[in-house]
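Worksheet: one structure, shown below.
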Amino acid sequence: LAARRRLSGHDEEPAPLVRAVFYFPALGLGFLFVEIFLIEKASLWLNDRTSGFALVLTGMLVFSGVGSLAAGRLSRTPGVAMAILCGAILLWMVAMLFWLQPLILATLSWSWLSRAAVLMAVVAPVSILLGLPFPLGLSRAGQGGLLPWAWGLNGAFSVVATPLANLVAREAGFDRVLLSAAILYGVALLTFLVTRRRQAWHR
């Protein structure tokens, strides 16, 4: 995978693998950190870890898929789109840190269906946004030797994210898990914007 011709497809300069090494792992870790944070909060909110896990997981998968479908419409101005959506993701995270716990406590007496509906209203907007960076990154990676790196790094770090998030939560709390996700999406944004002068991350 790291062979010069494998990455570039010819004898010219190989694709900038270092961008993929930062961008796609940051997305894999960041997405799962957000998901694990929400699962923990949903377990308290619904008073049931199983239904909290199921609703958050299903909601994030469905709505991030909806976001991914919309990525093609943003391909003409990917840098601007990435900046706007990462800004919106970070604003959502700030709102969750300050207002999610009071919202949970204020609605604990509501019916289960009402709490589940409010939970999905919290999950859906950010999930749509979280579904966009990966396909936007793939559009920069092209169809050459960098593509398996993109999928492989994202998948591998998605697996690493679960034990790592739980270690962070045990040592510092789940709010720090969300703060870590914010840092990771900031890294992804900076990595993406570095490539604005080039049409793609490959020749």
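Counting the sequence shown from 1 gives a position; the numbering used here is that position plus 625. C-beta atoms are modelled at their ideal positions from N, C-alpha and C, and glycine is treated no differently. Because the structure is a prediction, the values reported are computed rather than measured.
Exercise for the section: Evaluate the contact criterion for the region 780-794 versus the region 676-694: three or more CB pairs, one atom per stretch, below 8 Å. Expected result: Contact between the region 780-794 and the region 676-694 is absent, because fewer than three Cβ pairs lie under 8 Å.
Problem - Which of helix, strand or coil DSSP assigns to THR816 - result: In the three-state scheme derived from DSSP, where H, G and I count as helix and E and B as strand, THR816 is classed as helix.
Practice task
Tell me whether GLU638 sits in a helix, a strand or coil according to DSSP, three-state version.
Solution key: Residue placement at GLU638 is flagged as unreliable, the pLDDT there being 42, under the threshold of 50; a coordinate-derived value is accordingly withheld.
Exercise for the section: List the endpoints of the continuous alpha helix (DSSP H) containing ARG765. Expected result: Its alpha helix (DSSP H) spans residues 758-766.
Problem - Inter-residue Cα distance where the pair is ARG644 and GLU665 - result: If you take the alpha carbons of ARG644 and GLU665, they lie about 32 Å apart.
Handout entry: ILE714 vs LEU671 beta-carbon contact at 9 Å
Key = Cβ atoms of ILE714 and LEU671: not closer than 9 Å.
Practice task
Say whether the region 810-817 touches the region 682-702, bearing in mind that this needs 3 or more beta-carbon pairs closer than 8 Å, one atom from each stretch.
Solution key: The region 810-817 vs the region 682-702: no contact.
Handout entry: Nearest to LEU654 (by Cα), restricted to the options LEU778, LEU761 and LEU771
Key = Measuring from the Cα of LEU654, the nearest candidate turns out to be LEU778.
Practice task
Return the chain-ordered list of same chain residues with a C-beta closer than 6 Å to the C-beta of ALA794, the five sequence neighbours on each side being excluded.
Solution key: Taken in chain order, the residues that qualify are VAL802.
Problem - Residues of its chain near THR732, where Cβ-Cβ distance is below 8 Å and the 5 sequence neighbours each way are ignored - result: For THR732, where only same-chain residues beyond five positions count, the Cβ hits under 8 Å are TRP670, SER739, ARG740 and VAL743.
Handout entry: Buried or exposed (CB count within 10 angstroms, at least 16 for buried), THR675
Key = Burial call: exposed.
Practice task
Could you check if GLU638 is buried or exposed, using at least 16 other CB atoms within 10 Å of its CB as the buried criterion?
Solution key: The predicted position of GLU638 is uncertain, since its pLDDT is 42 and thus under 50; a value taken from the coordinates is nonetheless stated next. Of the residues assessed, GLU638 falls on the exposed side of the cut-off, its CB having fewer than 16 other CB atoms within 10 angstroms.
Exercise for the section: Would you mind listing the alpha helix (DSSP H) stretches within the region 690-736 that are 4+ residues and don't spill past its ends, in chain order? Expected result: Fully enclosed alpha helix (DSSP H) runs of 4 or longer: 703-720 and 726-731.
Handout entry: Inter-residue Cα distance where the pair is PHE759 and LEU663
Key = CA-to-CA, the gap between PHE759 and LEU663 works out to about 20 Å.
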